[in-house]
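**Student:** Numbering (the numbering used here), first residue to last: 94 to 228. One structure is given below, represented as structure tokens, and several questions about it will come after.
Okay, structure coming up:
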């Protein structure tokens, strides 16, 4: 079976420490953002944004179970907002029923299929190794 194609290849990566979200941090004011930026959205400095690997771990802020979704998504699935470093909050798939306050770690996993039936991968936050989360 071929490797799933990433839904957001410019926002996801992995290295020897595992999966991460692609971010950027301003070298002048320290502002952290999701994705690539040429201009800092806080201090407006051009060219000060350096690549940053973010979102490896986080805390569930809110969660819900999705019973109806766009074509190709496996239903039901859990999704929610996850607080990550730098005051950022991202919306992502959750690996199972996780309560607010749960400590989670990012993985890249299959979340849907396209029209041709090919697997598509994206960010999934699951219970972090060693975390004692309640559901």
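Don't be surprised by glycine CBs; every beta carbon is placed ideally from N, CA and C.
#1: I believe residue 197 touches residue 151 by the beta-carbon criterion, under 8 Å. Please report the beta-carbon distance rounded to the nearest angstrom.
#2: Report all residues from its chain with a CB closer than 8 Å to the CB of residue 189; omit the five preceding and five following residues, and keep chain order.
#3: Which residue from 186, 123, 160, 209 puts its Cα closest to that of residue 199?
#4: For residue 123, which of 131, 111, 136 has the nearest alpha-carbon?
#5: Does the Cβ of residue 214 have 16 or more other Cβ atoms within 10 Å, making it buried, or fewer, making it exposed?
#6: The beta strand (DSSP E) spanning residue 163 covers which residue range?
#7: Around the Cβ of residue 205, are there at least 16 other Cβ atoms within 10 angstroms (buried) or fewer (exposed)?
#8: By a C-beta neighbour count over all protein chains shown, 10 Å radius and 16 as the cutoff for buried, is residue 98 buried or exposed?
#9: Of the choices 107, 100, 217, 166, whose alpha-carbon is the least far from that of residue 191?
#10: The beta strand (DSSP E) spanning residue 135 covers which residue range?
**Tutor:** Inspection of the coordinates gives the following:
#1: Numbered from its first residue, the chain shown carries residue 197 at position 104. Numbered from its first residue, the chain shown carries residue 151 at position 58. That belief holds up - the Cβ atoms of residue 197 and residue 151 are roughly 5 Å apart, short of 8 Å.
#2: Residue mapping note: residue 189 aligns to position 96 of the chain shown, counting from 1. Excluding positions up to five away in sequence, the list reads 171, 219, 220, 228.
#3: Translated into positions along the chain shown, residue 199 becomes position 106. Residue 186 is the option with its Cα nearest to residue 199.
#4: In the chain shown, the residue the question calls residue 123 occupies position 30. The candidate whose alpha carbon is nearest that of residue 123 is 136.
#5: Reading the chain shown from its first residue, position 121 is the one you call residue 214. Residue 214 is buried by the Cβ-count criterion.
#6: Here residue 163 refers to the residue found at position 70 of the chain shown. No beta strand (DSSP E) holds residue 163; DSSP gives it neither H nor E.
#7: Position 112 of the chain shown, counted from the first residue, corresponds to residue 205. With 16 or more other Cβ atoms within 10 Å, it is buried.
#8: Residue mapping note: residue 98 aligns to position 5 of the chain shown, counting from 1. That one is exposed.
#9: Within the chain shown, numbered from 1, the residue matching residue 191 stands at position 98. The shortest C-alpha separation from residue 191 is found at 217.
#10: The residue labelled residue 135 in the question sits at position 42 within the chain shown. It is not in any beta strand (DSSP E) - residue 135 carries neither H nor E in the DSSP assignment.
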